[in-house]
Amino acid sequence: MEQSRKSRRVVSRRALANEIAQAIRLRMYRPGEWLRQIDLEEKFQATRFDVRAALEELAVRKTIEHVPNRGYRVAEIDLATYFAIRDTRIILETGAMTGVVAHITEEAIERLAVLAREFGEAVVSGTRIEQSEINGAFHHLIYAHCGNPVLEETIWALRDRSRGSQVTVWASHQALLASDRDHHAMIEALRRRDAPRLAELIRHHIDKDMVDETGQLPSLSA
């Protein structure tokens, strides 16, 4: 464990922040839940300084919020904010597809195909954590090729911030199957270097996830 802590000290606060954000993405921490620094130090084998710096980074991203004299908790957002984030995501993520098509390599596309197959297998027999991790790896690989690191960072900050709502990505097995189909369609669009089709698929992929934890389509009046 001591060796792990020594190794962690050389990891950037952004890397640790990304690990904590991934845990939030996987719903290991729920909207509104308080984050205890000592628990994070143990879970992520990190020093107090590293954890504090990572939490500050996540607060800047608005993935979590800082409450003076209380600490940090996972951000909670209302549906109006969620819709605003969704609309902004559509603008940014569809706009990124021209860069993705221009920069992605054949090797990366084949890696996406492997991840898509792994996701399909996880839909059938995997856990929700496995599904989320593979899905995250798939989309990270796509946006890593957009050619603009600031755009990539902004996209993931918004995706993580949206986890503060009561909207869930896959409210049913049918939703998982739909995501699986979307992934394979995205790969075909990439192989054809068809940026408009890829942007259309990304828009659909984001829009179809607007389902709350009761399985209903949320509304601003809800």
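Going by numbering that gives the first Met the number 0, the final residue of the sequence shown carries number 221, and the count climbs one at a time with no gaps. From the three backbone atoms N, C-alpha and C, an ideal C-beta is built for every residue, glycine too.
In the structure shown, what three-state DSSP assignment does residue i receive?
i: H65; result: strand
i: I201; result: helix
i: L25; result: coil
What are the boundary residues of the beta strand (DSSP E) that includes residue i?
i: R72; result: 70 to 73
Just to confirm, is the Cβ distance from residue i to residue j under 8 Å?
i: L54; j: A20; result: no
i: R162; j: I23; result: yes
i: I89; j: R202; result: yes
i: I186; j: E92; result: no
i: T87; j: L197; result: no
i: H65; j: F118; result: no
i: V122; j: L175; result: yes
i: A194; j: T97; result: yes
Identify the continuous alpha helix (DSSP H) that holds residue i and give its terminal residues.
i: D49; result: 47 to 60
i: A186; result: According to the sequence as given, residue 186 is Ile; it is not Ala. Where I186 is concerned, the enclosing alpha helix (DSSP H) stretches over 172 to 190.
i: D193; result: Counting along the chain, D193 falls outside any alpha helix (DSSP H), and DSSP gives it neither H nor E.
i: Q36; result: 36 to 42
Looking at C-alpha atoms only, which residue of the options is the closest neighbour of residue i?
i: F43; options: S171, L197, E18; result: E18
i: R180; options: R51, Q36, E120; result: E120
i: W33; options: A83, A112, N68; result: N68
i: A112; options: A174, Y28, N134; result: N134
i: R12; options: Y71, R47, E41, G31; result: R47
i: L189; options: L140, Q173, L150; result: L140
Inside the region 84 to 170 only - alpha helix (DSSP H) runs reaching at least 4 residues: Qualifying alpha helix (DSSP H) stretches, in chain order: 96 to 102, 105 to 124, 127 to 142, 148 to 160.
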